[in-house]
Amino acid sequence: MLKICVFFAGLLLIGALPKEELHKDRVIDRELSDKEHFENEQHNLHIIVTKIDNNSDGFISREELKDWIRYTQKRYISDDVNRQWKQHNLEDTTTLSWNTYQKLVYGFLDENALHNPVSDEEKTYVGMMKRDRRRWSVADPDGDDELTKEEFSFFLHPEEHDHMRDIVVQETMEDIDKDGDGKISIDEYIGDMYRPQEGDEEPDWVKNEKFQFTSYRDKNGNGVLDENEVKNWILPDDFDHADAEARHLIYEADQDADEQLTKDEVLNRYDLFVGSQATDFGEALARHDEF
Numbered sequence: 001m002l003k004i005c006v007f008f009a010g011l012l013l014i015g016a017l018p019k020e021e022l023h024k025d026r027v028i029d030r031e032l033s034d035k036e037h038f039e040n041e042q043h044n045l046h047i048i049v050t051k052i053d054n055n056s057d058g059f060i061s062r063e064e065l066k067d068w069i070r071y072t073q074k075r076y077i078s079d080d081v082n083r084q085w086k087q088h089n090l091e092d093t094t095t096l097s098w099n100t101y102q103k104l105v106y107g108f109l110d111e112n113a114l115h116n117p118v119s120d121e122e123k124t125y126v127g128m129m130k131r132d133r134r135r136w137s138v139a140d141p142d143g144d145d146e147l148t149k150e151e152f153s154f155f156l157h158p159e160e161h162d163h164m165r166d167i168v169v170q171e172t173m174e175d176i177d178k179d180g181d182g183k184i185s186i187d188e189y190i191g192d193m194y195r196p197q198e199g200d201e202e203p204d205w206v207k208n209e210k211f212q213f214t215s216y217r218d219k220n221g222n223g224v225l226d227e228n229e230v231k232n233w234i235l236p237d238d239f240d241h242a243d244a245e246a247r248h249l250i251y252e253a254d255q256d257a258d259e260q261l262t263k264d265e266v267l268n269r270y271d272l273f274v275g276s277q278a279t280d281f282g283e284a285l286a287r288h289d290e291f
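Quick look at the structure:
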């Protein structure tokens, strides 16, 4: 009974406060909440740094950082596959058929839309379905139109598997090659990343991308990228993404230039690490199971 009385007394007190005072209190509460949220993420980043420092010497080497980034990449893929497998394989069978997947993902399209799409929205979804169907077939080596959980991983993350790389290149070509001539011009290459407004001055990074296109991407110098050149661009054989990310983070955060990082150097560049693969682009800082 006492709790009920206190509750209603509180309501009466709130009702007696001016609206301006209530608004001010809410703003202060929100600011405190944001501050607490930031402090919590800083604390979690501190824990992650401890985990990265595998030999506990107080420093993070490039190898330790590279190994951690590879771990977060594998964990992200594993979590994503598990989540989507559970989401689409409702009967918990050992394989998932294309018909089941299609009905769950594209079941809202009626027969008429599937065979004769009219609206732009219908055309977009039918195009997405056809792309998924093609990728599904490549991910299905035995051709039974059903994917095991491992094969479903091929389908969801083709860039991680050698036998799926050609489909990644093909899809990239289709996305960027707007005139459908089977090649990517420099305008199409830039247009995929940058759409200037009238009167805008061209940013330096766009100028750099044009230089990259003409000097490195276009191997034969004919002014366009073919499939092999696109493959060398997006899936280079000799490029280690985890190592490149580790090098970048150390270069940006290493204040004393000793080619390794302390906890303080990492925490001082919270903004850098929250947008990196080392924290799964900030997701790891909000996950309690990470620790």
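1 is the number of the first residue of the sequence shown in the UniProt record's numbering; add one for each residue after it.
All C-beta atoms in this analysis are idealised placements derived from N, C-alpha and C, irrespective of residue type, glycine included.
Interface flag, residue i vs chain B, CB-CB below 9 Å
{"i": "D140", "result": "Chain labels in this structure do not include chain B; a single protein chain is all it has."}
Buried versus exposed, by CB contacts within 10 Å (16 or more), residue i
{"i": "W205", "result": "exposed"}
{"i": "M128", "result": "exposed"}
{"i": "K24", "result": "Its pLDDT being 44, under 50, K24 is placed unreliably by the model, and the measurement read from it follows with that caveat. It counts as exposed."}
{"i": "A286", "result": "exposed"}
{"i": "F239", "result": "exposed"}
{"i": "A244", "result": "exposed"}
{"i": "Q260", "result": "buried"}
{"i": "L104", "result": "exposed"}
{"i": "I48", "result": "buried"}
{"i": "E151", "result": "buried"}
{"i": "F211", "result": "exposed"}
{"i": "E121", "result": "exposed"}
{"i": "K86", "result": "exposed"}
{"i": "K219", "result": "exposed"}
Element boundaries [alpha helix (DSSP H), containing residue i]
{"i": "L267", "result": "263 to 268"}
{"i": "R75", "result": "62 to 88"}
{"i": "R131", "result": "120 to 139"}
{"i": "K207", "result": "204 to 212"}
Three-state secondary structure assigned by DSSP to residue i
{"i": "V169", "result": "helix"}
{"i": "S97", "result": "strand"}
{"i": "E146", "result": "strand"}
{"i": "L114", "result": "helix"}
{"i": "L249", "result": "helix"}
{"i": "L235", "result": "coil"}
{"i": "H161", "result": "coil"}
{"i": "L109", "result": "coil"}
{"i": "S185", "result": "strand"}
{"i": "K24", "result": "Interpretation of K24 is limited by its pLDDT of 44, a score under 50 that renders its predicted location unreliable; the figure taken from the coordinates is listed afterwards. Three-state DSSP puts K24 in a helix."}
{"i": "A278", "result": "helix"}
Check: residue i C-beta below 8 Å from any heavy atom of the ligand PLP
{"i": "A286", "result": "With respect to the ligand PLP, the structure shown offers nothing to examine, as it has no ligands at all."}
Residue of the options minimising C-alpha distance to residue i
{"i": "D264", "options": "A257, A253, H163, D67", "result": "A253"}
{"i": "D132", "options": "N232, P196, P158", "result": "P158"}
{"i": "T148", "options": "N220, F108, Y101", "result": "Y101"}
{"i": "A257", "options": "D34, K51, N54, S61", "result": "S61"}
{"i": "G107", "options": "V126, T95, D162, L96", "result": "V126"}
{"i": "V266", "options": "D34, H37, I52", "result": "I52"}
{"i": "R217", "options": "N232, N208, R247", "result": "N232"}
{"i": "H163", "options": "D280, T262, L235", "result": "L235"}
{"i": "F59", "options": "K130, D179, Y270, I250", "result": "I250"}
{"i": "E283", "options": "D57, Q73, S56", "result": "Q73"}
{"i": "S153", "options": "T94, K130, Q84", "result": "Q84"}
{"i": "I176", "options": "H115, K130, P196, V230", "result": "V230"}
{"i": "H161", "options": "P196, D237, D179", "result": "D237"}
{"i": "W98", "options": "Y71, R70, K130", "result": "K130"}
{"i": "residue 346", "options": "Y270, T262, G180, K207", "result": "Shown here, the chain extends from 1 to 291; a query on residue 346 therefore has no answer."}
{"i": "Y71", "options": "N268, H241, R269", "result": "H241"}
{"i": "K66", "options": "D280, N228, R247", "result": "R247"}
{"i": "M193", "options": "F213, D181, G180", "result": "F213"}
{"i": "D280", "options": "D34, E63, Y76, E36", "result": "Y76"}
{"i": "L96", "options": "F155, E36, D80", "result": "F155"}
Cβ contact (3+ pairs, closer than 8 Å) linking the region 195 to 215 and the region 137 to 147: no
Okay, do the region 82 to 97 and the region 128 to 143 touch, 3+ Cβ pairs below 8 Å being the bar? No, because fewer than three Cβ pairs between the region 82 to 97 and the region 128 to 143 fall closer than 8 Å, the two stretches do not touch.
If you pair each beta-carbon of the region 181 to 199 with each one of the region 220 to 234, do three or more pairs fall below 8 Å? Touching, per the Cβ criterion.
Using 8 Å as the Cβ pair cut-off and three pairs as the minimum, do the region 37 to 55 and the region 270 to 278 touch? yes
May I ask you to verify whether the region 104 to 122 touches the region 167 to 178, counting CB pairs closer than 8 Å and requiring at least 3? With the cut-off at 8 Å, the region 104 to 122 and the region 167 to 178 do not touch.
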